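J.: Just so we're aligned: 404 in the numbering used here is position 386 of the sequence shown, and the numbers increase by one with no gaps anywhere. Cβ coordinates follow ideal geometry from the N, Cα and C atoms, glycine included. Here the structure is a predicted model, which means the values were calculated and not measured. Got a structure for you, questions after.
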Amino acid sequence: MDTCAVRHDGVVTPTRRRTGSGLAAIAAGMGMVELAMSTRADDWLTYPQIGAMGSVYALALIIGVAAAPLAARVGSRVAITVGALSAYIPLALIGLLVSAGSSAVVPVALALWALGGAGAGVMDMAHLAQATMFARARRLDTMMLFGVRQAGAVAMGGIAAWAIERGVPVAAQYVSAGLILTAVTLAALGAVPPLTEEALRRPEAGAEAGRGALVALGALAAAGVMPTMGAYYWARPIMSEVYSGSAWAGGGVLAWTCAQVIVPMACWQVSDRVDARRIARGAALVAATGVALLVPVALHARAPYLAPGMVYAALLSALAMIGGGIAVVPAMCHQAAARVRAPLGLVGRITAVVGTQCVLTAAASYGLGHAAEAWGSLPAFMTVCVVCVAGVTVGSGLLRHARPIA
19 MDTCAVRHDG
29 VVTPTRRRTG
39 SGLAAIAAGM
49 GMVELAMSTR
59 ADDWLTYPQI
69 GAMGSVYALA
79 LIIGVAAAPL
89 AARVGSRVAI
99 TVGALSAYIP
109 LALIGLLVSA
119 GSSAVVPVAL
129 ALWALGGAGA
139 GVMDMAHLAQ
149 ATMFARARRL
159 DTMMLFGVRQ
169 AGAVAMGGIA
179 AWAIERGVPV
189 AAQYVSAGLI
199 LTAVTLAALG
209 AVPPLTEEAL
219 RRPEAGAEAG
229 RGALVALGAL
239 AAAGVMPTMG
249 AYYWARPIMS
259 EVYSGSAWAG
269 GGVLAWTCAQ
279 VIVPMACWQV
289 SDRVDARRIA
299 RGAALVAATG
309 VALLVPVALH
319 ARAPYLAPGM
329 VYAALLSALA
339 MIGGGIAVVP
349 AMCHQAAARV
359 RAPLGLVGRI
369 TAVVGTQCVL
379 TAAASYGLGH
389 AAEAWGSLPA
399 FMTVCVVCVA
409 GVTVGSGLLR
419 HARPIA
């Protein structure tokens, strides 16, 4: 059975093209679901509760990720079906809870969002393993799928900005997004074949040795994920605190996600001829420049001295540079995991990296929520970004073997 989307020789058959389209549709939906909830989170949650939602979601991803080796045996179609229902239907149910105004809305929403995270983890691993195994013209297709995923987030960011400006109720956004994403993902299943036994095979040789390398790659991936995940939940609160106007505040999310479409796609185009370490260091430099742009904005928030237009432009530029920078790092970490010599199959190695990534991201997200309550959202977010940029710069050497499997 032809189960790969694209071979290393670059030959694309109709079957592989359909598979690639199906995987891309799943990736886009996954990019939309988290943003669909987080862009309106501060309408009904406090800052610590927003941090708790992000932490719960990240921890729940581990459950889905841990199920990935089993999913490779039962078939990705079954895994994606269960994952889609678990990831998207809870969003619609949260919308109904918010609409009802129940006193138990927060604890129930946390439980539902945890279920959504578990479902997203199952879907994530299904298409990530395919992208790691097969590459177009020896490029890192994990980057391409990340860009597609963020393209879905861009679409949702635009929808959310429009909904905020038009006064669309939070519940209406949640319910419609949950139902539509479920339908689209289930429709794409026909193009996605089961993962092969090759995905479970242990490597005979590798460039790195030991499970410690997988944990280190997971920590490096977390450094790239945390600013991305943080912006999903905190871009709008930051914009609202510094620049008045809730409708304009949605522009921060949109700028962030647009950069995460353009930069990964550009890096994917050159990934067959530029070393992954150079890509990571260049991305860290861009992100560091974005963090530097936030310094005058933070000073302005304490004692206003800039024109509103300058503040808004600086915020958008900073968020775009941070979002478009180290966001490409996790994709390279997942690719590098394929070459680690460990007593695990391909899916197991990726699971170890993503699991470590999720644990560290969950801890950081929880801390960010409480730091934002104490210091304000912008100083807390800047602190996390500084730590993550430094981590990517120091750990970029781990990516020297990030290339498609030969």
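1. Run the CB neighbour count on E52, radius 10 Å, all protein chains shown included, and call it buried at 16 or more, exposed below.
2. Does the separation of the CB atoms of L109 and M55 fall below 7 Å?
3. Drop a sphere of 10 angstroms on the beta-carbon of D61, count the other beta-carbons inside from all chains shown, and report buried for 16 or more, exposed for fewer.
4. Does the Cβ of T203 have 16 or more other Cβ atoms within 10 Å, making it buried, or fewer, making it exposed?
5. Spatial neighbours of P322 within its chain, please: CB distance less than 7 Å, with the 5 preceding and 5 following residues excluded, ordered by chain position.
6. Between Q375 and A239, is the Cβ-Cβ spacing less than 7 Å?
7. Flag this pair as touching only if the stretch 402-412 and the stretch 273-288 have three or more C-beta atom pairs under 8 Å; answer yes or no.
8. Quick one: is A325 buried, meaning 16 or more other Cβ sit within 10 Å of its Cβ, or exposed?
9. Do you know how far the Cα of A370 is from the Cα of V346?
10. Quick check on DSSP: helix, strand or coil for R36?
11. Looking at the structure shown, is R229 part of a helix, part of a strand, or coil, going by DSSP?
12. Three-state secondary structure (DSSP) at A349?
13. Using three-state DSSP, classify R359 as helix, strand or coil.
14. Whether or not the stretch 122-131 and the stretch 158-177 are in contact is what I'm after, with contact meaning three or more pairs of Cβ atoms, one per stretch, closer than 8 Å; do they touch?
15. Report buried or exposed for T64, applying the criterion of at least 16 other Cβ atoms within 10 angstroms of its Cβ.
16. What's the gap between the Cα of V96 and the Cα of L337?
17. How is D61 classed by DSSP in three states: helix, strand or coil?
18. Please state whether DSSP places S120 in a helix, a strand or coil.
19. So, helix, strand or coil for S289, using DSSP?
20. Using beta carbons (cut-off 7 Å, strictly below), is G341 in contact with chain B?
21. Rank Q168, A298, L417, A390 by C-alpha distance to the C-alpha of A277 and give the top, closest one.
22. Taking the alpha carbon of I368 as the reference point, which residue from T379, A381, Q353, I81 has its own alpha carbon closest?
23. Give me the residue from S73, A189, A138 with the minimum Cα distance to V83.
24. So A420 and A294 are supposed to be a Cβ contact under 8 Å. How far apart are they, rounded?
25. If I measure Cβ to Cβ from S73 and keep anything under 7 Å in the same chain, skipping five residues before and after, which residues do I get?
26. Which same chain residues, not among the five before or five after L77, have their C-beta less than 6 Å away from its C-beta?
27. Under three-state DSSP, which class holds V405?
28. Is the beta carbon of M328 closer than 7 Å to that of M174?
29. From V279, G341, C351, I112, pick the residue whose C-alpha is nearest to that of A195; which is it?
30. Between which two residues does the alpha helix (DSSP H) containing G196 stretch?
31. Who are the Cβ neighbours of P348 in its own chain at under 6 Å, not counting the five residues just before and after it?
32. With DSSP collapsed to three states, give me the class of G415.
33. To the nearest angstrom, how far is it from the Cα of L146 to the Cα of I340?
34. Looking at the unbroken alpha helix (DSSP H) that takes in V166, where does it start and where does it end?
T.: By the coordinates alone:
1. buried
2. yes
3. exposed
4. buried
5. In the same chain as P322, and ignoring 5 residues on each side of it, no C-beta atom comes closer than 7 Å to its own.
6. Contact flag set, yes.
7. no
8. exposed
9. 19 Å
10. helix
11. helix
12. DSSP places A349 in helix when its eight states are reduced to three.
13. strand
14. Judged by Cβ distances under 8 Å, the stretch 158-177 makes no contact with the stretch 122-131, as fewer than three pairs qualify.
15. exposed
16. Near 37 Å, if we compare the C-alpha coordinates of L337 and V96.
17. helix
18. coil
19. coil
20. No chain B appears in the structure shown, which is made up of a single protein chain.
21. With distances taken between Cα atoms, A277 lies closest to Q168.
22. Q353
23. For V83, the nearest C-alpha among the options comes from A138.
24. 4 Å
25. A380, S383, Y384
26. A380
27. helix
28. no
29. I112
30. 188-206
31. Taken in chain order, the residues that qualify are A239, G242, V243.
32. Taken through DSSP and simplified to helix, strand or coil, G415 comes out as helix.
33. 23 Å
34. 159-184
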